[in-house]
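Heads up: take any position in the sequence shown, counting from 1, add 1, and you land on my numbering.
From the three backbone atoms N, C-alpha and C, an ideal C-beta is built for every residue, glycine too.
Notes to accompany the following structure.
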Amino acid sequence: MAKHMNVEKIAKSMSTLDIHDYGDVLQCMRCGSCLPYCPTYRTDGIETQSPRGRVAMIKAVIDGRLTPEEEFARHMYHCLDCRNCQTVCPAGVKVGELVLEARHRIEQHTPQPLLKRFILESAIRDQTKLSRYLSPLRLYQNLGIQRLVRRSHILQSLSSDLDFMESLLPRLPDRPLIDTIPEIIPAAGQEKGKVGFFLGCAMNLVFADISRDTIHCLTQAGYTVIVPKSQQCCGTPNIAEGERKIYREMAEHNVSLFERHDVDAIVSDCAACGMELKSYRETLAPVTRASKRAEMFSGKVKDISEFLVSAFGPHSDFGSLGEKVCFHDPCHLRHGQNLVSPQRELLRRIPDLFLVDVPDEGQCCGSAGIYNITHRERSMKILEAKIAAIDKTGADRVITSNPGCLMQLQFAREQWKKSWSLSHISQVIRMSLEHKEA
């Protein structure tokens, strides 16, 4: 990366960064409260791999005491952006947001690989187009080639990285969910209101059945569900990689699209999407024409558990499931949206469902978007710690609510022969509703 980075331009750009926008950074006490919670510091034990280390490096670059060369960039991109440090920081330093801003300034003055540019600037803007790009993978699975490849272990001899990426691949639906459902799905029984459903890329293209369950739960709760057909990616991949132009265009498009519908809430069953949609009020603030509209939009966004815990009420008729379960908090939910109680309260309403806590439950699983691919070794160490904590619970089922976490945990379940099952919270709520009906 070093020979392609325009270090002088990055340094000049960084010198204009106002760190006061990210909390009381100058009051960072270097107390170390963040260290036990940072997955990269816990794994590596190196100061520069810690939140306070990254803050110190950013301050040093701003002050001109450090040149923003390859090592600086590497440490910025080693961060998983889990935001655990922000949850525990007594000074309220927004480390994750500060790191993303540093990445943005690096990205502005560093030529990006063509594939990365294509994905961030073109592919994810159109889910129909993105679905076509996945067609070869569907054929690979539907023709039985995947089964043969996995049985033969041929990829292990060709490339360990390719073999790893293939092992992460879940079963893809034949068609994206958005192509199989109407734009308006009526409430079951008397209508209480209308909700917009933001269908994230991964949920639409990979976990379509889960989002179908989400819609079922919403209609059973008495809400008509509106799924605008032309919605675009929430922008999480772009913002994580430091890209802002296309991100803002997609965000403005989504705000404009949903404001055409008179909905009571905008629901997401993807924790990463929900966090990003809620952040539009900040990320679109510099865009004067969109700032007030983005504020109204973000104010309506609800995670599926956050919405259902209110929609069903405390005395809803859920059916008995008779299982011991634990909930893995996606970082985008627990730290990004500060949601800890709704998902647990919702699950505790299900008769005979025994919810147990995961030790060190706020820790990341190591997925972090594509971090498990770009930083595979560190990701696997983080995952091993998470699985060890889950195993201590003795749970029959692990529940979560983010596609990246689902893929990472499913990989662990299959590769390490775990006996527990894995579900999205929408699947569990639907199972409970159907058990009551039966």
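| Item | Value |
| --- | --- |
| Between the region 175–186 and the region 382–396, do three or more beta carbon pairs fall short of 8 Å? | no |
| Any contact of the region 284–296 with the region 353–364, i.e. 3+ C-beta pairs under 8 Å? | no |
| Considering only residues of the region 348–414, which uninterrupted beta strand (DSSP E) runs meet the minimum length of 3 residues and lie entirely inside it, listed in chain order? | 354–357 and 398–401 |
| Along the beta strand (DSSP E) that carries residue 419, what are the first and last residues, could you check? | Taken as a continuous stretch (DSSP letters only), residue 419 belongs to no beta strand (DSSP E), as it is neither H nor E. |
| Express the C-alpha separation of residue 420 and residue 126 in angstroms, rounding to a whole number. | 38 Å |
| Roughly how many whole angstroms lie between the Cα atoms of residue 84 and residue 262? | 32 Å |
| What did DSSP end up calling residue 14 once you bin it into helix, strand or coil? | helix |
| So, using beta-carbon positions, are residue 10 and residue 110 closer together than 8 Å? | yes |
| Quick one: measure Cβ to Cβ for residue 94 and residue 23, integer angstroms, because I've assumed they're closer than 8 Å. | 7 Å |
| With DSSP run on the structure shown, which of helix, strand or coil describes residue 39? | coil |
| Are three or more beta carbon pairs between the region 309–327 and the region 239–256 nearer than 8 Å? | no |
| Relative to the C-alpha of residue 100, which residue among 116, 92, 75 and 113 is closest? | 75 |
| Compute the beta-carbon to beta-carbon distance between residue 310 and residue 347, rounded to the nearest angstrom, for a pair I have assumed lies under 8 Å. | 5 Å |
| Pair every Cβ in the region 225–237 with every Cβ in the region 258–273, then say whether three or more of these pairs are closer than 8 Å. | yes |
| With a Cβ-Cβ cutoff of 8 Å, do residue 220 and residue 252 count as a contact? | no |
| Let me check you understand the geometry: is the CB of residue 422 closer than 7 Å to at least one non-hydrogen atom of the ligand NAD? | Among the components modelled here there is no ligand, and therefore nothing to report on the ligand NAD. |
| When the Cα atoms are used, what is the spatial distance from residue 13 to residue 59? | 13 Å |
| DSSP three-state label for residue 260, please. | helix |
| Counting only the same chain and skipping the five closest in sequence on each side, list residues whose C-beta sits under 7 Å from that of residue 393. | 360 |
| Grab the span of the beta strand (DSSP E) containing residue 224 for me, first residue to last. | 224–227 |
| Residue 433: buried (16+ other C-beta within 10 angstroms of its C-beta) or exposed? | buried |
| Could you check whether the region 390–409 touches the region 201–211, counting it as contact only if at least three pairs of C-beta atoms, one from each stretch, sit closer than 8 Å? | yes |
| Check this for me: beta carbons of residue 227 and residue 184, under 8 Å apart or not? | yes |
| Please classify residue 2 as buried or exposed, where buried requires at least 16 neighbouring CB atoms within 10 angstroms. | In this predicted model, residue 2 has a pLDDT of only 49, less than 50, meaning its place in the structure is not dependable enough to derive any value. |
| Any idea which residues DSSP pairs residue 267 with across the strands? | 197 and 302 |
| Assuming residue 412 and residue 169 form a contact by the criterion Cβ under 8 Å, report the distance between their Cβ atoms to the nearest whole angstrom. | 5 Å |
| Taking 6 Å as the limit between beta carbons, can you name the residues of its chain near residue 372, skipping five residues before and five after? | 81 and 380 |
| Near residue 103, what residues of its chain come up, given a Cβ to Cβ distance below 6 Å and the 5 sequence neighbours on each side ignored? | 59 and 77 |
| Assuming the contact rule is C-beta atoms closer than 8 Å, residue 282 and residue 296 should be a hit. Round their C-beta distance to whole Å, please. | 5 Å |
| Where residue 192 and residue 130 are concerned, what is the direct C-alpha to C-alpha distance, given to the nearest angstrom? | 35 Å |
| Taking the alpha carbon of residue 349 as the point to measure from, which residue in 330, 322 and 187 has its own alpha carbon closest? | 322 |
| Can you tell me which of 214, 118, 244 and 71 puts its alpha carbon nearest to the alpha carbon of residue 105? | 244 |
| Would you tell me roughly how many angstroms separate the C-alpha atoms of residue 54 and residue 152, rounded to the nearest one? | 45 Å |
| Using alpha carbons as the reference points, say which of 5, 426, 108 and 437 lies closest to residue 212. | 426 |
| Suppose contacts are defined by Cβ-Cβ distances below 8 Å. Is residue 256 in contact with residue 301 by that definition? | no |
| Taking the Cβ atom as the reference point for each residue, do residue 124 and residue 29 lie within a distance shorter than 8 Å? | no |
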